[in-house]
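Engineer: Each number in this note's numbering corresponds to the 1-based position in the sequence shown with 37 added.
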Amino acid sequence: MRKTDISKRQKYDFLVIGSGMAGLSFALKAAEHGSVCIITKKGLTESITGYAQGGISSVTYHPDNFEKHIKDTLNAGSGLCNPEVVKKIVTKAPEQIEQLLKWGTNFDKTTDGKFDLHREGGHSEHRILHHKDNTGFEIQRALSTAAKSHKNITILEHHFAVEIITQHHLGETVNKWRKDIECYGAYVLNRNTNSVETILARVTMMATGGVGAIYQTTTNPAIATGDGVAMIYRAKGAIENMEFIQFHPTSLYNPQERPSFLITEAMRGFGGILRKKDGQTFMHKYDQRENLAPRDIVARAIDNELKATGDDYVFLDVSHKKTEDLKTNFPNIYNKCISLGIDISKEMIPVVPAAHYSCGGIKVDINSRTSISRLYAAGECSSTGMHGANRLASNSLLESIVFANIAANDAIQNLKNYHFCDKIPEWNDEGTSQPEEMVLITQCKKELEQIMSYYVGIVRSNIRLKRAVDRLEIIYHETEELYQKSVVSQQLCELRNAIQTGYLIIKMARNRKESRGLHYNMDYPIQIKV
Ligand code: FAD
Ligand code: SIN
38 MRKTDISKRQ
48 KYDFLVIGSG
58 MAGLSFALKA
68 AEHGSVCIIT
78 KKGLTESITG
88 YAQGGISSVT
98 YHPDNFEKHI
108 KDTLNAGSGL
118 CNPEVVKKIV
128 TKAPEQIEQL
138 LKWGTNFDKT
148 TDGKFDLHRE
158 GGHSEHRILH
168 HKDNTGFEIQ
178 RALSTAAKSH
188 KNITILEHHF
198 AVEIITQHHL
208 GETVNKWRKD
218 IECYGAYVLN
228 RNTNSVETIL
238 ARVTMMATGG
248 VGAIYQTTTN
258 PAIATGDGVA
268 MIYRAKGAIE
278 NMEFIQFHPT
288 SLYNPQERPS
298 FLITEAMRGF
308 GGILRKKDGQ
318 TFMHKYDQRE
328 NLAPRDIVAR
338 AIDNELKATG
348 DDYVFLDVSH
358 KKTEDLKTNF
368 PNIYNKCISL
378 GIDISKEMIP
388 VVPAAHYSCG
398 GIKVDINSRT
408 SISRLYAAGE
418 CSSTGMHGAN
428 RLASNSLLES
438 IVFANIAAND
448 AIQNLKNYHF
458 CDKIPEWNDE
468 GTSQPEEMVL
478 ITQCKKELEQ
488 IMSYYVGIVR
498 SNIRLKRAVD
508 RLEIIYHETE
518 ELYQKSVVSQ
528 QLCELRNAIQ
538 TGYLIIKMAR
548 NRKESRGLHY
558 NMDYPIQIKV
């Protein structure tokens, strides 16, 4: 049996779990007021943030205004957005764009020195600031560089958060009715030494990103296994709106590739047209905004066309645009397609929908506080009320930075009230051994992806959801049994987290007896629009 190493106990004012846009921007603010430790399960720059293409929405120039951005966001959210949150995020956007510029992010400008603004589905104006077609990479670069050079920030790469620490670890009963649950830090698997370390903190920020990796076809990198959501669920914190999984309409059809390469929505804003294999357009049958309808509508339309024709993909056509314009605005996509033998200035791009974004997550209030004291959440793992039943394109990076900033301000103000809890025991792995059969883990992961993709995808039904929960229960019990007797490993923890996240998606989908936004259930065919 492996012993835990007591000398590895560390203490910081702020513990940040995750190094994407939410985690890094929180850390940079908090570090002005105390010591910060960022843990991240792979390298510093491996995050969903780094994959973002289209950009970040912010009202910048006339004729755009806050009212229009608020209205577009509320329209997409189908009546489930929190209007107070939407207003707060939209109106704070310009100051957070300023902050990103100060941290060294570059956004594209036109020849007259103004920001070059793109437009995407559901937006009534051009308001997407971007860096070519790899905005996320640029943001991740800038924030990672700033964090690395900050004297108050310690970065622990290849450190995997296993559980947050609460009164449960002091031997107390913690259940969902308890109102005074507190977070004292986290148990963290150091992948370099394979030991579980105790990191104590006065404040913890959960910024673990999305859940897309639990589906077969996804734009999300492999890190997106819902760890934060599952950890907080196990700690009896509040989770909401998990049924609203956004499928991006246009990922590149290339079945061998995982994650699926995204073809940004900005391409449709730029004049791209969806067509069937025979060249016919079809979006006019589904929505008067045609190619620029919100993504839930476009993804369902494509799904419907694929089922009707039996084809594996539809096409996005930008071959009518100038080659130079395509190369300048979308160099990443242009080169990717060329590498696969597709010249997008002459040929159409084969595309399919892919699991892309989780609108729900760890429930937070207007100050980014979770239901667990001393624990904040921001970014994709959180549910702020911004997106409701469907997220508007490019509103996610914006929500991440605005709420990370709100959380940092609140945490800094309250830091004096939060003290280290020194009674926390070390991680106990007595009676466990190395799991010998890796195939049990890898096969279970595949089964989970199949269950989620076949039964909990773009179109759902009561019988599909029932089948999903029945199948999931089998792998849930098998995995729990394996977990109880195994030494902690990242693969097993990720599988466990992914199954619990899948369970929450199915449970909340079954509880929603209607079709709304991203949750479409054939048994309730009338789509609620508010
Ligand atoms: P992430 O950037 O995913 O960061 C999560 C971090 O947590 C990672 O560092 C991860 O390693 C770490 N982590 C996770 N679990 C653990 C654990 N157990 N222990 C330790 N560390 C852990 N949104 C937009 O607004 N505009 C766009 O143009 C856009 N384009 C997109 C394109 C693609 C292909 C994808 C997939 C998404 C896109 N999105 C876009 C969505 C947006 O990028 C994400 O929602 C956002 O970047 C999430 O940021 P985050 O900080 O919450 O999470
Ligand atoms: C895209 O570029 O189409 C993705 C934008 C987003 O997910 O917000």
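Even glycine gets a Cβ: it sits at the ideal position worked out from N, Cα and C. A quick note: this is a predicted structure, and the numbers were derived from the prediction, not measured.
Mind listing which residues have their beta carbon within less than 5 Å of any non-hydrogen atom of the ligand SIN? Chain order is fine.
Structural biologist: Counting every residue whose Cβ lies closer than 5 Å to a heavy atom of the ligand SIN, we get Q90, G91, T301, E302, A430, S431.
Engineer: Do I260 and E484 count as a contact pair if the criterion is CB distance below 8 Å?
Structural biologist: In the sequence shown, counting from the first residue as 1, residue 484 sits at position 447. In the sequence shown, counting from the first residue as 1, residue 260 sits at position 223. No, these two residues do not count as a Cβ contact at 8 Å.
Engineer: So, at 8 Å on beta carbons, what are the nonlocal neighbours of R39 in its own chain, with the 5 sequence-adjacent residues on each side left out?
Structural biologist: Taking the sequence shown and counting its residues from 1, the one referred to as residue 39 is at position 2. Because R39 carries a pLDDT of 40, less than 50, the predicted location of this residue cannot be relied on, and no value is offered for it.
Engineer: Is the Cβ-Cβ distance between L509 and L519 less than 8 Å?
Structural biologist: What you label residue 509 is simply residue 472 of the sequence shown in a count that begins at 1. What you label residue 519 is simply residue 482 of the sequence shown in a count that begins at 1. No, these two residues do not count as a Cβ contact at 8 Å.
Engineer: In chain order, which beta strand (DSSP E) runs of at least 3 residues are fully inside the region 229 to 307?
Structural biologist: DSSP runs (the beta strand (DSSP E)) wholly in the region 229 to 307: 232 to 243, 282 to 289.
Engineer: Are there 16 or more other CB atoms within 10 angstroms of the CB of Q450, so buried, or fewer, so exposed?
Structural biologist: Along the sequence shown, one-based indexing puts residue 450 at 413. Answer is exposed; the Cβ neighbour count stays below 16.
Engineer: Work out the CA separation of L311 and I202 for me, nearest whole Å.
Structural biologist: Looking up residue 202 in the sequence shown gives position 165. Looking up residue 311 in the sequence shown gives position 274. If you take the alpha carbons of I202 and L311, they lie about 49 Å apart.
Engineer: What are the residues that DSSP puts in a beta bridge with E194?
Structural biologist: Translated into positions along the sequence shown, residue 194 becomes position 157. Beta-bridge pairing links E194 to T77.
Engineer: Based on the DSSP secondary-structure assignment, which residues constitute the bridge partners of D354?
Structural biologist: As a first step, residue 354 must be located in the sequence shown, where it is residue number 317. Partner(s): I310.
Engineer: Are any of the Cβ atoms in chain C nearer than 8 Å to that of R312?
Structural biologist: No chain C appears in this structure, which consists of one protein chain only.
Engineer: Using CA atoms only, rank isn't needed, just tell me which of G347, I386, T318 is closest to I300.
Structural biologist: Position 263 of the sequence shown, counted from the start, is the residue given in the question as residue 300. Per the Cα distances, I386.
Engineer: Please report the residue range of the alpha helix (DSSP H) in which V53 lies.
Structural biologist: Here residue 53 corresponds to residue number 16 of the sequence shown, with the count starting at 1. First-last for V53: 47 to 54, but that is the beta strand (DSSP E), not the alpha helix (DSSP H).
Engineer: Under 7 Å from any heavy atom of the ligand FAD, does the C-beta of M475 make it?
Structural biologist: Numbered from 1 along the sequence shown, position 438 holds the residue referred to as residue 475. Result no, Cβ not under 7 Å from the ligand FAD.
Engineer: Taking buried to mean at least 16 other C-beta atoms within 10 Å of its own C-beta, is T148 buried or exposed?
Structural biologist: Position 111 of the sequence shown, counted from the first residue, corresponds to residue 148. With fewer than 16 other Cβ atoms within 10 Å, it is exposed.
Engineer: What ranges does the beta strand (DSSP E) occupy inside the region 488 to 542, keeping only unbroken runs of at least 3 residues that lie completely in it?
Structural biologist: Taking only runs of at least 3 residues, no beta strand (DSSP E) segment lies wholly in the region 488 to 542.
Engineer: Check whether the region 419 to 433 and the region 263 to 283 are in contact - that is, three or more C-beta pairs closer than 8 Å.
Structural biologist: Because the criterion of three Cβ pairs below 8 Å is met, the region 419 to 433 and the region 263 to 283 touch.
Engineer: Give me the Cβ distance between L429 and G159, rounded to the nearest whole Å; I'm assuming they're in contact under 8 Å.
Structural biologist: Residue numbering aside, residue 429 sits at position 392 when the sequence shown is read from its first letter. Residue numbering aside, residue 159 sits at position 122 when the sequence shown is read from its first letter. About 5 Å; that satisfies the 8 Å criterion.
Engineer: If you reduce the DSSP assignment to three classes, tell me which class P390 lands in.
Structural biologist: Your numbering for residue 390 matches position 353 in the sequence shown. It is a strand residue.
Engineer: List, from N- to C-terminal side, the alpha helix (DSSP H) runs of 4 residues or more that fit wholly inside the region 141 to 190.
Structural biologist: Taking only runs of at least 4 residues, the alpha helix (DSSP H) segments lying wholly in the region 141 to 190 are 172 to 185.
Engineer: Any heavy atom of the ligand FAD inside 7 Å of the beta-carbon of D50?
Structural biologist: Here the question's residue 50 lines up with position 13 in the sequence shown. It does not: the Cβ of D50 is nowhere closer than 7 Å to a heavy atom of the ligand FAD.
Engineer: From the DSSP output, which residues share a beta bridge with H99?
Structural biologist: To locate residue 99, count along the sequence shown from 1; it is residue 62. DSSP lists no partner for H99.
Engineer: So is the beta-carbon of K400 under 7 Å away from any non-hydrogen atom of the ligand FAD?
Structural biologist: The sequence position of residue 400 within the sequence shown is 363, counting from 1. K400: no, Cβ never under 7 Å from the ligand FAD.
Engineer: Which residues in the same chain have their Cβ closer than 8 Å to the Cβ of S405, if we skip the five residues on either side of it in sequence?
Structural biologist: As a first step, residue 405 is located in the sequence shown; it is residue number 368 there, counting from the start. So the list reads Y413, A414, A415, S419, T421, F440, A441, I443, A444, D447, once near-sequence residues are dropped.
Engineer: Please determine, among I165, N548, A223, the residue with the shortest C-alpha to C-alpha distance to V240.
Structural biologist: The sequence position of residue 240 within the sequence shown is 203, counting from 1. That would be A223, whose Cα lies nearest to the Cα of V240.
Engineer: Return yes when the C-beta of L529 is under 7 Å from any heavy atom of the ligand FAD, and no when it is not.
Structural biologist: Counting from 1 along the sequence shown, the entry for residue 529 is found at position 492. Every heavy atom of the ligand FAD is 7 Å or more from the Cβ of L529, so no.
Engineer: For K359 and Y371, what's the separation of their Cα atoms in angstroms?
Structural biologist: The residue labelled residue 359 in the question sits at position 322 within the sequence shown. The residue labelled residue 371 in the question sits at position 334 within the sequence shown. Approximately 12 Å between the Cα atoms of the pair.
Engineer: Do the region 54 to 71 and the region 187 to 195 make contact, defined as three or more Cβ pairs closer than 8 Å?
Structural biologist: The answer is yes - the region 187 to 195 touches the region 54 to 71, with three or more Cβ pairs under 8 Å.
Engineer: Touch check for the region 350 to 366 and the region 243 to 258: three-plus C-beta pairs under 8 Å?
Structural biologist: In short, these stretches do not touch, since the Cβ pair count stays below three.
Engineer: Take the Cβ of Q177 as the centre, count every other Cβ of all protein chains shown within 10 Å, and call the residue buried at 16 or more, exposed below.
Structural biologist: Here residue 177 refers to the residue found at position 140 of the sequence shown. Buried, by the Cβ-count rule.
Engineer: Where do the N-terminal and C-terminal ends of the alpha helix (DSSP H) with N446 fall, by residue?
Structural biologist: In the sequence shown, residue 446 corresponds to position 409, counting from 1. Run containing N446: 433 to 451, per the alpha helix (DSSP H) assignment.
Engineer: Specify, as a first and last residue, the run of the beta strand (DSSP E) that K322 falls within.
Structural biologist: What you label residue 322 is simply residue 285 of the sequence shown in a count that begins at 1. K322 -> no beta strand (DSSP E), and no H or E assigned at all.
Engineer: For I399, report the span of its beta strand (DSSP E) as first-last.
Structural biologist: As a working note, residue 399 is residue 362 in the sequence shown. Here the beta strand (DSSP E) through I399 covers 398 to 400.
Engineer: Secondary structure at G87, three-state DSSP: helix, strand or coil?
Structural biologist: Taking the first residue of the sequence shown as position 1, residue 87 is located at position 50. The answer is helix: DSSP assigns G87 an H, G or I state.
Engineer: According to the neighbour-count rule (16 or more other Cβ atoms, all chains shown, within 10 Å of its Cβ), is S470 buried or exposed?
Structural biologist: Stepping through the sequence shown from its first residue, residue 470 is reached at position 433. With fewer than 16 Cβ atoms within 10 Å of its Cβ, S470 is classed as exposed.
Engineer: In chain order, what residues of the same chain have a beta carbon less than 6 Å from the beta carbon of H106, not counting five sequence neighbours either side?
Structural biologist: For the purposes of this step, residue 106 is identified with residue 69 of the sequence shown, where counting begins at 1. Taken in chain order, the residues that qualify are V96, V127.
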